[in-house]
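First comes the structure, then the notes that go with it.
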Amino acid sequence: MTSPVPKGQPSPLIQMAQRLTLSDAHFRRICQLIYQRAGIVLAEHKRDMVYNRLVRRLRDLGLDDFGRYLGMLEADQNTSEWQAFINSLTTNLTAFFREGHHFPILTDHAKKRTGEYRIWCAAASTGEEPYSIAITLADALGQTPGRWKVFASDIDTEVLQKARKGIYRLDELKTLSPQQLQRYFMRGTGPHQGLVRVRQELANYIEFNVVNLLDKQYQVPGPFDAIFCRNVMIYFDKNTQQEILGRFVPLLKPQGLLFAGHSENFSNISREFWLRGQTVYGLSKDKI
Numbered sequence: 002m003t004s005p006v007p008k009g010q011p012s013p014l015i016q017m018a019q020r021l022t023l024s025d026a027h028f029r030r031i032c033q034l035i036y037q038r039a040g041i042v043l044a045e046h047k048r049d050m051v052y053n054r055l056v057r058r059l060r061d062l063g064l065d066d067f068g069r070y071l072g073m074l075e076a077d078q079n080t081s082e083w084q085a086f087i088n089s090l091t092t093n094l095t096a097f098f099r100e101g102h103h104f105p106i107l108t109d110h111a112k113k114r115t116g117e118y119r120i121w122c123a124a125a126s127t128g129e130e131p132y133s134i135a136i137t138l139a140d141a142l143g144q145t146p147g148r149w150k151v152f153a154s155d156i157d158t159e160v161l162q163k164a165r166k167g168i169y170r171l172d173e174l175k176t177l178s179p180q181q182l183q184r185y186f187m188r189g190t191g192p193h194q195g196l197v198r199v200r201q202e203l204a205n206y207i208e209f210n211v212v213n214l215l216d217k218q219y220q221v222p223g224p225f226d227a228i229f230c231r232n233v234m235i236y237f238d239k240n241t242q243q244e245i246l247g248r249f250v251p252l253l254k255p256q257g258l259l260f261a262g263h264s265e266n267f268s269n270i271s272r273e274f275w276l277r278g279q280t281v282y283g284l285s286k287d288k289i
């Protein structure tokens, strides 16, 4: 049992932060390492964010110097701390039915396809996006076994744990209709008042796994009718974006769709995709 912090004294984390400094050299090393491991490009204005997130890792490990921490990482390329390092520096901004104009397009597309409709959510984060996709497909295609499937992935293992649990605050589901809320979620009672859990019947259609988009080959059950890769490419440089888009091409079925984020434009990056609608792309070879 930990002792309480004496009144008037800062917390241990604040005390450590007061002693630690992030030098220019250490910040550059951090930027290089996260780029090599996850393809994430960190600009100078992210320096405070990097400091605040990694100082917690140093505290947990009992380290008082960024150089020692980085040395520990570089000394063992297989240490589990690499995953904690990546988890600390990934940004997970998401919401249910975010960029809502995509979901009617998904509905129309799914209704026109035959066989099992398969979709990959390549940045699942804490689960709001893949569950939004699943709700859309359940509404459009029903819940007949084998009719559709969602594969959801992320590089961050911590957010995937939350996604698998499927527990959210009720006020996070404001974009759902009352019918969807009742059909696909269970309300918490007693100490769980104000929380909801995704019903198992819906969760069964989603498979969560860790995937690093930098990998040369993706361990995913493609090909897919659609891929959601929204608000991820903005963290990569142009060369990395081109490589990832190139790896998506064989993973899309003919006339498949690629959904991008509102601030992403793939037309200037890859000739293998063409813009079909608002941040929705198709394969150029399918274009008539």
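Throughout the sequence shown, residue numbering follows this note's numbering, covering 2 to 289 in sequence. Think of the CB as a built atom: it goes at the ideal place given N, C-alpha and C, for glycine as much as any other residue. Computed from a predicted structure; not experimentally measured.
Residue i (DSSP reduced to helix, strand or coil)
i	result
S81	coil
N210	strand
L215	coil
F260	strand
R277	strand
I228	strand
K254	strand
F186	strand
I235	helix
I168	strand
R99	coil
F283	The amino acid at residue 283 is misidentified as Phe; the sequence shows Gly. Of the three classes helix, strand and coil, the one that applies to G283 here is strand, per DSSP.
R30	helix
heavy atom of the ligand MN below 7 Å from residue i C-beta
i	result
L43	The ligand content of the structure shown is nil, which means the ligand MN is not present either.
Residue i versus residue j - alpha carbon distance
i	j	result
L23	T95	29 Å
R272	H263	19 Å
L284	K217	20 Å
R277	R114	17 Å
G116	H110	13 Å
L90	V281	28 Å
A204	F186	10 Å
N240	I106	29 Å
D287	F225	15 Å
Q194	F98	23 Å
D25	R57	19 Å
E75	R69	10 Å
G257	R119	10 Å
Y52	H27	10 Å
H103	F67	43 Å
Exposure of residue i, with buried meaning 16 or more beta-carbon neighbours within 10 Å
i	result
Q162	exposed
T80	exposed
T158	exposed
V211	exposed
K150	buried
H46	exposed
P251	exposed
A261	buried
D65	exposed
S133	buried
R231	buried
T137	buried
A164	buried
Q183	exposed
P222	exposed
A227	buried
Chain B within 8 Å of residue i, Cβ atoms only
i	result
K47	This model lacks chain B altogether; it includes just one protein chain.
At least 3 beta-carbon pairs within less than 8 Å: the segment 40-48 vs the segment 227-243: Judged by Cβ distances under 8 Å, the segment 40-48 makes contact with the segment 227-243, as three or more pairs qualify.
Segment contact, 8 Å Cβ cut-off, at least three pairs: the segment 139-157 with the segment 121-130: yes
Segments assigned alpha helix (DSSP H), at least 4 residues, entirely inside the segment 112-164: Runs of the alpha helix (DSSP H) inside the segment 112-164: 129-142.
Length at least 3, wholly inside the segment 49-81: the beta strand (DSSP E) runs in chain order: Qualifying beta strand (DSSP E) stretches: none in this window.
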